[in-house]
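First up is the structure itself, then whatever we jot down about it.
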Amino acid sequence: MQRKKGSGTPKQPLQDRQKSQSDLSAWRKGGTIDPEKSVQDHQSLNDQEANSKQDSLEPALSYFAKVQDHISLKRNSALQRHLATVESIALQRGLPPEAFDVLLNAALSGKLADTVNTRLLKSLIPDSVIPETSVVSSVSWLCVSKCSSNIQVLFLRWLITFFDFIDHKEELHALYGFFFYFLQDEKMCPYVCHVLYLLTRKENVKPFRVRRLLDLQAKMGMRSHLQALLSLYKLFCPELVTIILPAKTKTYFKNAEGPWKAAIKTIRQRKQKNSPVPQPLLLGTAQPRSRKRKWNTQLMIPASSTNRNHLEEVRQKNSDLYSTDECFPVEQLQTFPQLLQNIHHLEFPSRMGSVLTNPLLLHYMNCIKDESVYLRLYYWLGQTLQEECTWCVADNSQHEEEFKDFLETLCSAQCFLQEGLSPCEEFLYRSLPLWDGLCCRSQILRLVSWIPLNSFSEMKSHLYDPLAQLFFTSSLYFKCSVLESLKGLLQNWLNWQMVHLDSASDSRIHSLNTTFSGLLNMVAELIHFVGMISTVALRLESDHTFLLYFILDFYETVCDMYLKYNLPLLIMPPAGVFYPMLLSMDSVSLNQLCYIMYRYRTNLVAAKENEQSKKEIQQFRFSNETYKEYNQYITAMVGCLWTSNAFQKDIHPQGLRMDDELLNKTAVEEFRTSFNIVYHPAMIGYAVLFLQQACPGDITFNFNLIKVRFLNWYLEYLYAQGLEGLKVFIESSINRVSKASRNEAGNMEK
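Numbering of the sequence shown is given in this note's numbering, commencing with residue -11 and proceeding in unit increments.
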């Protein structure tokens, strides 16, 4: 039902309502409103009516405090006038604390019609805080059955929405058992569970309450709100909740904000003078839901989630009780020493989104590993991402910046925690098939790099397949961005397994084998996926040097997994990646490939030595195919760069071997030397510069002289140019035998 809107003083209610409605009509229809004139009008109205509005609220509060009989809204002009006054002031600047006791009692006492009660509850928007005494007294009306069930549910929704605005909550916590009693009401049960979830502390978890929740679950089935409360109980007291609950995080509570959040945001903007033209908002059920209500407004710690003066009074009265388990309000946490002193006494805000923007609270999460904090954060984040952060199809340009800021906050928090958040993973799996690859590209790809290490069963269909479709049809820059993101994902997985395996004791190593095996499979699948898309991308982009850089950067991590990350897994790049890199015309790519092959050799040699000494678990021995593929690649590299046998000894099915008859048809002279260290397209420039220095008077550029007379000098010249990868490759894979023979000859001479 669309409510009437009043926005003026009692002296001229009709004129003010008409003016407000005309402004709203122009705003909705996209009509032009002179901003300067509107600002001047509102400033003058504020100056003239600042005192009159406060005065007009007092008669309205006095009226609702004295009302006794059941009054019809249509036949009572005084009720209409005072109700319009309350709505107008609530919309313009919020209600003062003293108004809540009167209006809550009036709305819940049953003295007024449900239409009036609904409008009153929807108008209860605070300008600062809500007194706890008002909430406690209003809760008492729930047990006398004076108001209808619809009003009770609306009150609970209001309580959930404005929970952070209550000045302190000690007396409200004392009503935990009262709220728990209302779980038996099936209509109120979801909202009561949400209230209990906000109030629950460890001391509230009792065996009889666990039994009651289990009975309700058996009666109603696995409802999400009951599962949420049971999960929280299990975190606090796992010995009391012995049933197995679904481990997969999902949205447990429906959005309870109703019509209030948009009005809160408007009031905040007016106070901060961020909105030059105040836009009237209707609080009726016909008001469209704002799509950006929770993205960033929930990321700030409430101004007063716990009243400091009240806490001091309670602590003084109950010094013995608070001496060992004193709660420290999180809004008072300002410095790192405060965090260290109160790390076991922090009272986290119910608005868990504020944790993401507070470095001190993120430090706490890293240090304490409080599962209840993670659970509450996951609940809030899952609900926000599922209900509020769907892709904006119709008005993408309008909300993209705010969406981008929110995702940037998530990326920063995950980077700080060095841990991916499960709700972000679910959001990506749900959203990637709908993503255009343009909106918030940087933030989405950074979220991809922090996907937690979970089962692979969903990753292929939910991550790899939609990402591959975008990858193949997008620009070169997008391809490189995806490869960089997947490299970050691989590194985060490897860092995660190092931390968890290092912290595991020897007695638990066998119990980790199953999980470890799953880790190996997931990492292997990721590497194979990157190899596949890299092969296709090189063909699509004609072996572009920029693309080669990102592919090589990925395999620089892959080649060192055994020694650097203690992971018994090495996967060679596919032939479609290796040979374009070997034949690249860019010396930087060739040098990096040489370094990667050197690190492959170092890791494989170390693995072979450990296998022979039986230091490794036999279950994770390297496959002989890995050694075979490495040998084929190294033969191709040595044949190209050193022995000039590129087209003879390379036996890889996708290698460079060609019959002499086919090579002769190319009419290329000395084709066997075309890719050696002198004539290689990536090295010919160095060879020219070297000859200019070695033979300054010779303008014939006789490159054969390099191999015959100046080879060692030429190699030193290349190493001096920064080609360290080429140096370690040649010294380990080519000169290794000759060095050994020279050492043996020297020993014999001695």
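Glycine included, every Cβ here is placed at the ideal spot set by N, Cα and C.
| Asked | Found |
| --- | --- |
| I need the boundaries of the alpha helix (DSSP H) containing residue 564, first residue and last residue. | 563 to 570 |
| Quick check on this structure: which residue in 83, 130 and 318 has the alpha carbon closest to the alpha carbon of residue 156? | 318 |
| Would you decide whether residue 692 is buried or exposed? Buried here means 16 or more other CB atoms lie within 10 Å of its CB. | exposed |
| Using the C-alpha atoms, what's the distance from residue 670 back to residue 590? | 25 Å |
| Where does the unbroken alpha helix (DSSP H) through residue 673 begin, and where does it stop? | 672 to 682 |
| Do residue 663 and residue 676 have their C-beta atoms closer together than 9 Å? | no |
| Rounded to the nearest angstrom, how far is the Cβ of residue 507 from that of residue 441, given a contact under 8 Å? | 7 Å |
| Quick one: Cα of residue 705 to Cα of residue 629, how far? | 16 Å |
| Suppose contacts are defined by Cβ-Cβ distances below 9 Å. Is residue 544 in contact with residue 535 by that definition? | no |
| Quick check on this structure: which residue in 136, 122, 76 and 117 has the alpha carbon closest to the alpha carbon of residue 99? | 136 |
| From residue 432 to residue 672, what distance separates their C-alpha atoms? | 42 Å |
| Within 10 angstroms of the Cβ of residue 341, are there 16 or more other Cβ atoms? Answer buried if so, exposed if not. | buried |
| Compare the Cα-Cα distances from residue 146 to each of 166, 170 and 179 and report the closest residue. | 179 |
| Whole angstroms are fine: how far does the CA of residue 97 sit from the CA of residue 56? | 10 Å |
| Under the DSSP definition of a beta bridge, which residues are partnered with residue 316? | 334 |
| Just the Cα atoms here: how many angstroms apart are residue 344 and residue 412? | 13 Å |
| Looking at the unbroken alpha helix (DSSP H) that takes in residue 206, where does it start and where does it end? | 195 to 208 |
| Look at the Cβ atom of residue 217, then the Cβ atom of residue 185, and state whether they are nearer than 9 Å. | yes |
| Hey, how far is the Cα of residue 372 from the Cα of residue 600? | 54 Å |
| Taking residue 594 and residue 621 to be in contact with their CB atoms under 8 Å, please state how far apart those CB atoms are, rounded to whole angstroms. | Between residue 621 and residue 594 the Cβ distance is about 18 Å, and since that is not below 8 Å, they are no contact. |
| State the DSSP-derived secondary structure class of residue 639, mapped to helix, strand or coil. | coil |
| Please state the DSSP three-state secondary structure of residue 100. | strand |
| For residue 665, which three-state DSSP category applies? | coil |
| So which of 397, 625, 89 and 182 has the shortest CA-CA distance to residue 54? | 89 |
| Does the beta-carbon of residue 649 have 16 or more other beta-carbons within 10 angstroms, so that it is buried, or is it exposed? | exposed |
| To the nearest angstrom, how far is the alpha carbon of residue 520 from that of residue 401? | 32 Å |
| So what does residue 114 bridge to, in DSSP terms? | 83 |
| In the DSSP assignment, find the alpha helix (DSSP H) that holds residue 120 and state where it starts and stops. | 120 to 127 |
| I need the straight-line Cα distance from residue 481 to residue 611, nearest angstrom please. | 22 Å |
| Give me the Cα-Cα distance between residue 575 and residue 321, rounded to the nearest whole angstrom. | 54 Å |
| Taking DSSP as the reference, what is the three-state secondary structure of residue 139? | helix |
| Please work out which residues of its chain come closer than 7 Å, Cβ to Cβ, to residue 197, disregarding the five sequence neighbours upstream and downstream, and give them in chain order. | 168 |
| Going by other Cβ atoms of all chains shown within 10 Å of its Cβ, with 16 needed for buried, is residue 485 buried or exposed? | buried |
| Could you say which of 220, 700, 64 and 85 lies nearest to residue 49 if we only look at CA atoms? | 85 |
| DSSP three-state label for residue 154, please. | strand |
| Short of 7 Å in beta carbon distance, which residues of its chain neighbour residue 472, apart from the five on each side in sequence? Order them along the chain. | 538 |
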